[in-house]
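To keep things clear, I will list the structure first and then write my remarks on it.
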Amino acid sequence: MNPKEQLMYLLKHYYMGEYTTIIFVDEFHRIYNFEVTNSDLSQKELELLSELAMMTGRFSFFEEDLKIPNAFFNENDIKQKATAVYVELVGS
Numbered sequence: 007m008n009p010k011e012q013l014m015y016l017l018k019h020y021y022m023g024e025y026t027t028i029i030f031v032d033e034f035h036r037i038y039n040f041e042v043t044n045s046d047l048s049q050k051e052l053e054l055l056s057e058l059a060m061m062t063g064r065f066s067f068f069e070e071d072l073k074i075p076n077a078f079f080n081e082n083d084i085k086q087k088a089t090a091v092y093v094e095l096v097g098s
């Protein structure tokens, strides 16, 4: 699988509830930041996935982190954004 296919696979299976948020965040970060090049993705994919990448990079499950305004994202934030991205790119 190429990096784009890996991201789509990961999004699909996270959407289906087959991955925990921690695994999703770690794998998404690894693939998006270290394997994907801009030429792998369309402009729309770049826009949607780059925002999700920013959020996954700032994911935390620690309550103390989440108290800091506009600094971290919780599990619900990640699920909502990943679902929106998946639906936008693949459909429901």
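Our numbering puts the first residue of the sequence shown at 7, with every later residue one more than the last.
Note that CB positions come from ideal geometry on N, CA and C, so glycine has one too.
task: Have a look at the DSSP bridge pairing and note the partners of Phe40.
output: Answer by DSSP bridge pairing: none, since Phe40 is not bridged.
- request: Give the secondary structure of Phe30 by DSSP, where H, G and I count as helix, E and B as strand, and everything else as coil.
  value: helix
Any alpha helix (DSSP H) of 4 or more consecutive residues that is wholly inside the segment 47-76: 49-63 and 69-72
- prompt: Mind checking whether Phe78 and Val31 have CB atoms under 8 angstroms apart?
  reply: no
- prompt: Is the beta carbon of Lys10 less than 8 angstroms from the beta carbon of Leu47?
  reply: yes
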